[in-house]
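Numbering of the sequence shown is given in our numbering, commencing with residue 321 and proceeding in unit increments. Beta carbons: idealized from backbone N, C-alpha and C, even for Gly.
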Amino acid sequence: PTTTTATVAPAMLLLRSTDHGVTWSAPITVAAVQAVGTSDAASGRLVRDGANLGSIAAGPRGELVVVWQDSRFTGGRVDDIAFVRSADGGLTWSAPARINGAPGARAFVPVVHIRADGVVGVAYYDLRNDLPDARTLPADLWLTESDDGATWHEIHVDGPFDLMAAPNARGLFLGDYMGLASAGATFIPFYARTNGAPAGNTTDVFAARAADLDTSARSRARRGSEPSAVIPAATVRATFAPPLAPTGPL
């Protein structure tokens, strides 16, 4: 995003090159950015998140998608996860849509990836399980998937873990080690979380493997035979292997 000034509002911008990076287009506006950042409601402690960052991915048919934190869906109160897509190589973009499963739950640090079959996955943290206790800050990691960019299906990856135990680096900080990849029909989030260890080594980096959602149920919902566009939990077929952690301190 751009830096806020008296005349320039924050925005997500894109540069295009059609000659392998020799020349570049003028900046193209993807969307305005209205992130406010994350904090603990009970204590006021700041979370050092990705409020000034975004994540972009390209798909097998040339589609582009971008996600970021944005408060437009809560009237500027807290951040949700915003999603936009482009079908023409970034020349034009859809309107921002909220894709996190718990509206207004202070979602942060989204990362996006598109599998070889075109299914979009977005991993992110949120504080939906937070309690009115200033001593702790329960956080969770989630993965939401979509095969059309309109209907999303969320599954739980990890947590809750106590974000209050994270190192303080101008805010509670899990690090810059979040990513999302895939192997066939399986998304693989890479992420950091607190580990319950004493001070000095309170975070580790993990990986988890998620099986695909039930695409037949997803298709039925999109055709209208389900009561709503959201797949009921009973129709979701998704599993996570136990997270894999490093064998020693990072």
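- Residues P458, D460, P480 of the same chain have their beta carbon placed closer than 7 angstroms to that of N449, with the five preceding and five following residues left out of the count.
- Cβ-Cβ distances below 7 angstroms link S359 to R365, L366, V367 in the same chain, with the five nearest sequence neighbours on each side left out; the list follows chain order.
- A Cβ-Cβ separation of about 5 angstroms places A512 in contact with G495 under the 8 angstroms criterion.
- Only residues of its own chain outside the window of five on either side were considered, and among them F393, D400 have a CB closer than 6 angstroms to the CB of R418, listed in chain order.
- Between S363 and A427, the C-beta gap is not smaller than 7 angstroms, which leaves the two residues out of contact.
- Here H340 is exposed, its C-beta having fewer than 16 other C-beta atoms within 10 Å.
- The DSSP-derived three-state label of M332 is strand.
- Shown here, F510 sits in a strand according to DSSP, grouped into three states.
- Contact between V440 and V429 does not hold, since their C-beta atoms are separated by about 17 angstroms, which reaches or exceeds 8 angstroms.
- Rounded to whole angstroms, the gap between the alpha carbons of R490 and P509 is 25 angstroms.
- T394 sits in a helix when the DSSP states are folded into three classes.
- In this structure, the straight-line span from the alpha carbon of G357 to that of P452 is close to 19 angstroms.
- Between D482 and T506, the CB-CB gap reaches or exceeds 7 angstroms.
- G374 is bridged by DSSP to W388.
- Approximately 4 angstroms separates the beta-carbon atoms of Q389 and A355; this is inside 8 angstroms, confirming the contact.
- Assignment of A485 by DSSP, reduced to helix, strand and coil, places it in the helix class.
- The C-beta distance from P487 to T522 rounds to 7 angstroms, short enough to meet the 8 angstroms contact threshold.
- Distance from V386 to G370 at the Cβ level is roughly 13 angstroms; contact not present, criterion being Cβ atoms closer than 8 angstroms.
- Between R336 and G410, the gap from beta carbon to beta carbon is short of 7 angstroms.
- Between S391 and R397, the beta carbon gap of about 6 angstroms places them in contact (Cβ cut-off 8 angstroms).
- Secondary structure note for P452: it is in no beta strand (DSSP E), with a DSSP letter that is neither H nor E.
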